[in-house]
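Numbering (the UniProt record's numbering), first residue to last: 1 to 211. Read through the structure below, which is laid out as structure tokens, and then see the notes.
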């Protein structure tokens with residue numbers, strides 16, 4: 001894999017001085033947008049509530065993982081997390097029918113999470129992609145939609161702009177349909193980005209004519 005191909009596999013999102021790095025996995029750019037949207041929302045919620053768990057987790061860098069467990073064990077899980085000194089953040093329940101809850105934690109705490117799983121004789125460690133794959137799609141989209149309505153229209157502009165820029169770096173003759181398919185973006189999401197990069201002469205005009 002070339003350096004350019006390596007680069008396009010990693011997306012960097014900067015939010016309020018915190019850099020988040022995401023690797024493009026099987027879920028593609030749509031999954032990355034959903035991850036970024038969830039994490040940004042958690043940061044906003046913590047800011048309003050005066051908490052900093054998510055911010056501290058992100059500042060550690062490296063991998064973040066998900067601990068999935070039975071919702072009925074919530075009280076016991078929180079007691080064990082506190083006892084084992086695990087820094088964590090609750091993730092939104094995006095599948096209310098499965099009876100599961102999830103927390104986000106740093107991979108350095110994995111041995112302590114495994115110890116908790118042994119004590120509970122239940123639960124498992126997953127990735128953020130697993131968490132999104134198991135989410136009810138309607139609940140996920142409703143969560144992102146409701147939260148985005150509270151924010152500025154340009155909230156995801158940094159992520160989308162970077163993704164479109166990297167697409168053109170790999171595909172100089174790329175088409176509008178190609179971008180929509182590769183990045184899982186809608187016309188409404190692409191329009192302001194394409195207008196900006198055309199106005200700034202970042203891409204050549206024949207692409208605008210081919211739209």
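Think of the CB as a built atom: it goes at the ideal place given N, C-alpha and C, for glycine as much as any other residue. A quick note: this is a predicted structure, and the numbers were derived from the prediction, not measured.
Apart from the five residues on each side of it in sequence, which residues of its chain come closer than 7 Å, Cβ to Cβ, to residue 73? 120 and 122
When the Cα atoms are used, what is the spatial distance from residue 38 to residue 67? 16 Å
Using DSSP with H/G/I as helix, E/B as strand and the rest coil, what is residue 134? coil
Here's the rule: buried if 16 or more other CB atoms are within 10 angstroms of the residue's CB, otherwise exposed. What is residue 107? exposed
Taking 7 Å as the cut-off, is the CB of residue 128 close to at least one heavy atom of the ligand GDP? The model on display carries no ligand, and the ligand GDP is accordingly not part of it.
Can you give me the Cβ contacts of residue 156 inside the same chain, cut-off strictly under 6 Å, excluding the 5 residues immediately before and after it? Caution applies to residue 156, whose pLDDT of 44 falls short of 50 and renders its modelled position unreliable; the value that the coordinates give is listed next. Answer for residue 156: no residue qualifies.
Spatial neighbours of residue 194 within its chain, please: C-beta separation below 6 Å, excluding the five flanking residues on both sides. none
Using only CA atoms, which one of 187, 63 and 90 lies nearest to residue 260? The question about residue 260 has no answer here: the residues shown for the chain are numbered 1 through 211.
Provide the residue span of the alpha helix (DSSP H) that contains residue 214, from first to last. Residue numbering for the chain in the displayed model covers 1 to 211; residue 214 lies beyond these limits and cannot be assessed.
When you compare the CB positions of residue 134 and residue 95, do they come within less than 8 Å of one another, or not? yes
Determine the direct distance from the alpha carbon of residue 76 to that of residue 141, and round the result to whole angstroms. 30 Å
For residue 124, three-class secondary structure by DSSP: strand
N- and C-terminal bounds of the beta strand (DSSP E) containing residue 64: 64-70
Roughly how far, in whole angstroms, is the beta-carbon of residue 86 from the beta-carbon of residue 69, given that I think they are within contact range, below 8 Å? Not confirmed; about 13 Å, so no contact.
Those residues which DSSP pairs with residue 105 across a bridge: 65 and 88
For residue 63, which residues from the same chain have a beta carbon less than 8 Å from its beta carbon, with the 5 sequence-adjacent residues on both sides left out? 106 and 107
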